[in-house]
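Residue numbers (this note's numbering), protein chains in the order written: chain A, 33 to 552; chain B, 228 to 557.
By construction, the Cβ of each residue, glycine as well, lies at the ideal position given by its N, Cα and C atoms.
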Amino acid sequence: MPMHLFPSKHRRQLLQAGAAGLACAAAPALQAHAVRGPLQIVGPWEIGGLQPAVSGHVFTRLQIAETLLGAHDSGQPAPALAQRWEVSADGLTWHFVLRPQARFHDGTPVDASSVVRSLDLARKAPALLSTAPIAAVEAVGPRAVRLRLSAPYASLSALLAHSSTLVLAPASYDAQGQVRGIIGSGPYRIVTLAAPTSLEAAAFDAYDGPAPAVQRVRYLSASRAETRALMAEGGQADLAYNLDPASLQRLRLRRHLQIASVTLPRTAVVKVNAHLPALQDLRVRQALSLCIDRSGIARAILRDPELAAQQLLPPTLPDWHDPTLTPLRCDPDAAARLLRDAGWQRHGDGLRDPQGQPLRLALRTFPDRPELPIIATALQAQWREAGIAVDVQIGNSGNIPLGHRDGSLQLGLAARNYANLPDPTATLAQDFGQGGGDWGAMGWQNPLVSQHLTELMRGRMGATRAAQLRRQVVGVLHAELPVIPVVWYRQQVAVSRRISGVRLDPLERSYRITDMQWTS
Amino acid sequence: MDLMTKPLSSVWLRLLARRAVQALVLALVVGTACFIITRSLPGDMATRIAASRYGYDLVSNAAADAVRTELALAQPAWRALLDWWQHIAQLDLGVSLVSGEPVWDEVSYQLGATMYLAAAAVLLAALLGVPLGLAAGLRPGGKLDRLTLGLTVLLRATPPFMLALLLMLGLAVHFGELPVAGHEEGWSVLLPAMTLALGLAAGLARVTRGALQDVVSSAPYEFARTKGLTDMQALLHHGLRPVALPAVTYLGVHAVFLVEGAVVIETLFAWPGIGHALVHAIFARDVPMIQGTALCMGLLFASFNLLVDGASLALDPRQRHRREEAGAAT
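See below:
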């Protein structure tokens, strides 16, 4: 199937340019949107090319490409391209059986060899699958695939549900293994792809599942939240993702729209460099946490008071949320006492240690999520009250991992997605396991936490034991604050009343278009 | 018209030759300067590229290391520059470090989208600005003249993003006839083009008005009127050509601004234009993409200038004679 990433349509554009001038006067005659025209989705995510590690999420969310496994809302693995799977008793051999009628959009059957090819290419660093101890991916029958591991790895099911491991037809790849077209096996196939902003897909007639009610779908990447909100308000977008709090308040008043929302497993956290003498002291980290008025930030910046983080992970991940923990609170007096106990004395210009050195920290953050710089300045103001001087440095998101490596980071504010993989174990092990992680602990070590996370990663234990380990990990992270949670996140989507059956995915893996129906 | 009968006269040849050499030098200087400037920016290039490729959720030191190895970023900068020159000599702009797609594909698509938008804006501006300016220039100090002056001040003082939001709210959301953003529907270009065109039309109306006023008060025009031509005849035969000169120059200069300065409008209207792409490429330290974009835009501006010069020459016989005399003298 020939596909042009950058379609050439200059002639049509020139004709339209000519017509555009005349159209000014004739605006009322323009055609209104067709009642059942394509379902229009608008989100901030650009289509950065065709490589699955870069923009696979665009194609899996639109149900164009499928992964071997899926995930339930809780993060547990679910069937997808593989209708069933088995893990050997030693955890080293995983056996997958593919859906017998599954076909790629070019009509070829989804067989074991095409799955092996896609997975082998997805193992190339730095894609996530390269982190798993995979010894071999083999076809053991026309529709059976076997993965052999060199060590047990419970998160494999989560990796095989990640968009970077999507399965494409052999014709999608060139001789070097680069993706040259997206020929997936999902219920929708690509009609036009105009990277980096838009994509149109239509229902795939030979899909082996029920035919979807929505026949055509369009995706537009619009980087400004105001644009997305206005597209929903003007009736151009049926689903507008990642809306800004100010626009949401206005959209709630519009009768032709409803707002769907789901709490995401994403938390704004302050990463703390505990190598620094000041931040190595638990009392100082606790004081930093106690200074934060989380409900104030949630109310004023996110306009949703429920999003004040009470612990690291939100209730949307029930396995990793412990409702019995004392919620994080704001208590500036207790913070002042802790700082005093830790040897910091209040002077006219802020806190100083017994040698007279001021407590001065730099907080790095990035503007890719527009609320982060605002939250950073709120934190700066709240810490200033306690006498802690903080410089806010807004730069590239990569500066936080970079500062982790070269030790130059002091504080970093990020919106960490703990469900990069449907099961957060691997992400937590990366962040809080041995040696800490780029987006997690820095200079903080807890043997219990790293042992438990390693054990959980190996898997093969009873559910009670796993729950016990998780509870202990969450308890230590809550008490020792290697990262300081600030707010949780909620995905809020403006949904047109033209459609029903919208069910948001808390793991942001799919738009679930096949569940939707036209109402009129 | 003597232009048509002598299409390759010495005036034209000299103009074309000079501009071609200028363009070639410009292309090399711009590409090399972009390389040096981007490479000397602070921050780790591999991390920037990894952040742009994999997003803020998945950027990590491991990803940056893999990018560094894949793109051989550790090799000396001069070797990378040499590589680029070699590619350029074969008319190859290279491959984007972020998307892995050929730079030419990305630039031609995105620059095409921007030029389409700019062309629509210029067309709209001319359709709105020229008649208004002519009408105002025929009655200086009249109601319409004062109204266009007021509008010009207002439109010039309104930041483009505010004008864009007002147009989106007014025309797209309130009336619901036009798409708010995007580029797939036929009429999508209208709102962004109008945002760009309104300010331009206001300026153009003032330039046209000023030029026409000068023409109307000139002796030849006065003579045309006294020999019995009607207002319309005098305007058509003796007014339009001298008025067109400053108007074309004004549009030429501003068309360049439209192409390079439409970043805000492109971002707001989700228009897949080159300004937006260039900003992303700079954030991502996507050197070949920055070089390719700058080079294409440099060549484009050189051709713009050529077109404007050509149009001025075609419109103004005095310029042609001056140049011919200068050519004969040398």
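Query raised in the report: How is residue 406 of chain A classed by DSSP in three states: helix, strand or coil?
Result: Start at 1 with the first residue of the first sequence, and residue 406 of chain A comes out as number 374. DSSP places residue 406 of chain A in helix when its eight states are reduced to three.
Report task. State yes or no: is the C-beta of residue 534 of chain B within less than 8 Å of the C-beta of residue 257 of chain B? Result -> Residue 534 of chain B sits at position 307 when you count from the first residue of the second sequence. Residue 257 of chain B sits at position 30 when you count from the first residue of the second sequence. Going by C-beta atoms, residue 534 of chain B is not nearer than 8 Å to residue 257 of chain B.
Query raised in the report: Candidates B:292, B:527, B:490 and B:329: which alpha carbon is nearest residue 80 of chain A's?
Result: Here the question's residue 80 of chain A lines up with position 48 in the first sequence. It is B:329 whose Cα lies nearest to the Cα of residue 80 of chain A.
Query raised in the report: Taking Cβ-Cβ distances below 7 Å as the criterion, which residues of the region 240-257 of chain A are in contact with chain B?
Result: 250, 252, 253, 254, 255 and 256
**Report entry** Three-state class that DSSP yields for residue 104 of chain A in the structure shown
**Finding:** For this step, residue 104 of chain A is matched to residue 72 along the first sequence. Note: residue 104 of chain A maps to coil in three-state DSSP.
Query raised in the report: Going along the region 278-294 of chain B in order, which residues come within less than 9 Å of chain A, judged by CB to CB distance?
Result: 278, 279, 280, 281, 282, 283, 284, 285, 286, 287, 288, 289, 290, 291, 292, 293 and 294
Requested in this report: Determine which residues share a DSSP beta bridge with residue 509 of chain B and list them.
Outcome: Sequence index remark: in the second sequence, residue 509 of chain B carries index 282 (1-based). Answer by DSSP bridge pairing: none, since residue 509 of chain B is not bridged.
Query raised in the report: By the criterion of Cβ-Cβ separation under 7 Å, what are the contact partners of residue 226 of chain A in chain B?
Result: Along the first sequence, one-based indexing puts residue 226 of chain A at 194. Going along chain B in sequence order, the residues near residue 226 of chain A (Cβ under 7 Å) are 499.
**Report entry** At least 3 beta-carbon pairs within less than 8 Å: the region 461-469 of chain B vs the region 297-305 of chain B
**Finding:** no
Query raised in the report: Is it true that the CB of residue 445 of chain A sits closer than 8 Å to the CB of residue 397 of chain A?
Result: One-based indexing of the first sequence puts residue 397 of chain A at position 365. One-based indexing of the first sequence puts residue 445 of chain A at position 413. In this structure, residue 445 of chain A lies closer than 8 Å to residue 397 of chain A by Cβ.
Query raised in the report: Run through DSSP, which three-state label would residue 540 of chain A get?
Result: As a position in the first sequence, residue 540 of chain A is number 508, starting the count at 1. It is coil, neither helix nor strand.
Requested in this report: Say whether the region 330-340 of chain A touches the region 285-292 of chain A, bearing in mind that this needs 3 or more beta-carbon pairs closer than 8 Å, one atom from each stretch.
Outcome: no
Query - Near-chain C residues of the region 348-366 of chain B - C-beta to any C-beta below 7 Å - result: Reference to chain C is not applicable here, since the protein chains of this structure are A and B.
Query raised in the report: Does DSSP classify residue 259 of chain A as helix, strand or coil?
Result: Taking the first residue of the first sequence as 1, we reach residue 259 of chain A at position 227. In the structure shown, residue 259 of chain A sits in a helix (DSSP, three-state: H, G or I).
Query raised in the report: Is the Cβ-Cβ distance between residue 288 of chain B and residue 470 of chain A less than 8 Å?
Result: Residue 288 of chain B sits at position 61 when you count from the first residue of the second sequence. Residue 470 of chain A sits at position 438 when you count from the first residue of the first sequence. In this structure, residue 470 of chain A lies closer than 8 Å to residue 288 of chain B by Cβ.
Query raised in the report: Rounded C-beta distance between residue 413 of chain A and residue 424 of chain A? I'm assuming under 8 Å.
Result: Taking the first sequence and counting its residues from 1, the one referred to as residue 413 of chain A is at position 381. Taking the first sequence and counting its residues from 1, the one referred to as residue 424 of chain A is at position 392. Contact doesn't hold; Cβ gap of about 10 Å is too wide.
Query raised in the report: Is the CB of residue 437 of chain A under 8 Å away from at least one CB in chain B?
Result: For the purposes of this step, residue 437 of chain A is taken as residue 405 along the first sequence, with counting starting at 1. Answer yes: the Cβ-Cβ gap between residue 437 of chain A and chain B drops below 8 Å somewhere.
**Report entry** Test item: CB-CB of residue 518 of chain A and residue 300 of chain A under 8 Å
**Finding:** Here residue 518 of chain A refers to the residue found at position 486 of the first sequence. Here residue 300 of chain A refers to the residue found at position 268 of the first sequence. Contact flag set, yes.
Query raised in the report: Rounded C-beta distance between residue 198 of chain A and residue 92 of chain A? I'm assuming under 8 Å.
Result: Here residue 198 of chain A refers to the residue found at position 166 of the first sequence. Here residue 92 of chain A refers to the residue found at position 60 of the first sequence. Yes, they are in contact, since the Cβ atoms of residue 198 of chain A and residue 92 of chain A sit about 6 Å apart, within 8 Å.
**Report entry** Proximal residues of chain B, C-beta to C-beta of residue 263 of chain A below 7 Å
**Finding:** As a first step, residue 263 of chain A is located in the first sequence; it is residue number 231 there, counting from the start. Ordered by position in chain B, the residues that pass the 7 Å Cβ test against residue 263 of chain A are 407 and 408.
Query - Per DSSP, cross-strand counterpart(s) of residue 517 of chain A - result: As a working mapping, residue 517 of chain A is identified with position 485 in the first sequence. According to DSSP, which records beta bridges pairwise, residue 517 of chain A is partnered with A:301.
Query raised in the report: Who pairs with residue 464 of chain B in a beta bridge, going by DSSP?
Result: Along the second sequence, read from residue 1 onward, the residue named residue 464 of chain B stands at position 237. For residue 464 of chain B, which the question treats as bridged, DSSP gives no partner whatsoever.
**Report entry** Start and end residues, alpha helix (DSSP H) containing residue 372 of chain B
**Finding:** In the second sequence, residue 372 of chain B corresponds to position 145, counting from 1. 370-384 is the extent of the alpha helix (DSSP H) around residue 372 of chain B.
**Report entry** Closest residue to residue 394 of chain A among A:305, A:386 and A:381 (Cα-Cα distance)
**Finding:** One-based indexing of the first sequence puts residue 394 of chain A at position 362. Checked all of A:305, A:386 and A:381; the closest Cα to residue 394 of chain A is A:305.
Requested in this report: Under the assumption that residue 515 of chain A contacts residue 473 of chain A (Cβ atoms under 8 Å), give the Cβ distance between them as a whole number of angstroms.
Outcome: For the purposes of this step, residue 515 of chain A is taken as residue 483 along the first sequence, with counting starting at 1. For the purposes of this step, residue 473 of chain A is taken as residue 441 along the first sequence, with counting starting at 1. Residue 515 of chain A to residue 473 of chain A, Cβ: 7 Å. Contact.
Requested in this report: Identify each residue in the region 315-332 of chain B for which the Cβ-Cβ distance to at least one residue of chain A is less than 7 Å, and report them in chain order.
Outcome: 325, 326, 327, 328 and 332
Query raised in the report: Does residue 433 of chain A come within less than 8 Å of chain B when only Cβ atoms are used?
Result: Stepping through the first sequence from its first residue, residue 433 of chain A is reached at position 401. Chain B contact via Cβ: present.
Query raised in the report: Given residue 349 of chain A, which residues of its chain have a CB within under 8 Å of its CB, disregarding the five upstream and five downstream residues?
Result: Position 317 of the first sequence holds residue 349 of chain A. If we look at residue 349 of chain A and ignore the five residues flanking it on each side, its Cβ neighbours are 106, 107, 297, 450, 451 and 456.
Query raised in the report: Leaving out five residues before and five after residue 377 of chain A in sequence, what residues of the same chain have Cβ atoms less than 8 Å from its Cβ?
Result: As a position in the first sequence, residue 377 of chain A is number 345, starting the count at 1. Cβ within range, chain order: 383, 384, 385 and 386.
Query - Cβ-based burial, residue 139 of chain A [other Cβ within 10 Å; buried from 16] - result: Residue numbering aside, residue 139 of chain A sits at position 107 when the first sequence is read from its first letter. Exposed: under 16 other Cβ atoms inside 10 Å.
Query raised in the report: For residue 243 of chain B, does the three-state DSSP call read helix, strand or coil?
Result: What you label residue 243 of chain B is simply residue 16 of the second sequence in a count that begins at 1. Reduced to three states, the DSSP call for residue 243 of chain B is helix.
Query raised in the report: So the alpha helix (DSSP H) residue 333 of chain B belongs to, where does it begin and stop?
Result: Here residue 333 of chain B is taken as the residue at index 106 of the second sequence, counted from 1. Per DSSP, residue 333 of chain B belongs to the alpha helix (DSSP H) from 330-365.
Report task. Would you kindly report the start and end of the unbroken beta strand (DSSP E) that includes residue 464 of chain A? Result -> Translated into positions along the first sequence, residue 464 of chain A becomes position 432. Counting along the chain, residue 464 of chain A falls outside any beta strand (DSSP E), though it belongs to the alpha helix (DSSP H) covering 457-464.
Query raised in the report: Helix, strand or coil: which one does DSSP assign to residue 423 of chain A?
Result: Position 391 of the first sequence, counting from 1, holds the residue named residue 423 of chain A. Residue 423 of chain A: strand per DSSP, three-state reduction.
Requested in this report: Between the Cα of residue 447 of chain A and those of A:538, A:405, A:180 and A:416, spot the shortest distance and give me the residue it belongs to.
Outcome: Looking up residue 447 of chain A in the first sequence gives position 415. That would be A:405, whose Cα lies nearest to the Cα of residue 447 of chain A.
Requested in this report: Could you name the residues of the same chain whose beta carbon sits closer than 6 Å to that of residue 363 of chain B, not counting the 5 residues immediately before and after it, in chain order?
Outcome: Position 136 of the second sequence, counting from 1, holds the residue named residue 363 of chain B. If we look at residue 363 of chain B and ignore the five residues flanking it on each side, its Cβ neighbours are 371, 372, 375 and 436.
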